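Residue numbers (the working numbering): 8 to 185.
We put the CB at the ideal spot given by N, CA and C, even for glycine.
As the structure is a prediction and not an experimental result, all values here were calculated from the model.
A quick write-up on the structure given underneath.
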Ligand SMILES: [Zn+2]
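Printed below as a string of structure tokens:
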């Protein structure tokens, strides 16, 4: 299956799997909506994963350390300045290191509002048991070599995928009701 076929397979399956599942709208508790004190704070930065780039290529920290070690070992064996200059010219990566070595922090913007959803009891289409929507489980399977499908609506009682259809109210919708 190619990626498009997998996508089609997943969409068809989601449609058919959701068949007979009850649709639930989960509403935001209007009393819980608060302005987020950290929203749009410019200096609020989450440290992200560090990325090392060497001569335009992504490499791992370990790889970088290994290369540096080998380089320094070779470099330290050289005696004259001439030899050292020659070596640096031949192996340009260390001379470009400070330019190419980049640490990137990912910036996760804080949401404008904080809120909670009203608890809602839902019923599994298969086992007919009732439970809170918060108990729904997530699961995924891989399809072929590069496809993957998942469900956030797995029954906590019998394990049925797409046991209900959950639609979450968005904060924009909730603010209109307020
Ligand atoms: Zn069930």
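Asked: Quiz: which residues have CB nearer than 6 angstroms to ligand 1 non-hydrogen atoms; Found: 131, 133, 134, 136, 162, 164, 165, 167 and 170
Asked: Rounded distance between the beta-carbons of residue 139 and residue 126, thought under 8 angstroms; Found: 6 angstroms
Asked: Range of the contiguous alpha helix (DSSP H) that encloses residue 139; Found: Careful: residue 139 lies outside any alpha helix (DSSP H), inside the beta strand (DSSP E) at 137–139.
Asked: Where residue 67 falls: helix, strand or coil (DSSP); Found: coil
Asked: Residue 5, DSSP secondary structure in three states; Found: No answer is possible for residue 5: the residues shown for the chain start at 8 and end at 185.
Asked: Residue 90: first and last residue of the uninterrupted alpha helix (DSSP H) it sits in; Found: 88–97
Asked: Those residues which DSSP pairs with residue 146 across a bridge; Found: 158
Asked: Straight-line gap, residue 71 to residue 87 (C-alpha atoms, nearest Å); Found: 26 angstroms
Asked: Opening and closing residue of the beta strand (DSSP E) in which residue 173 lies; Found: 171–175
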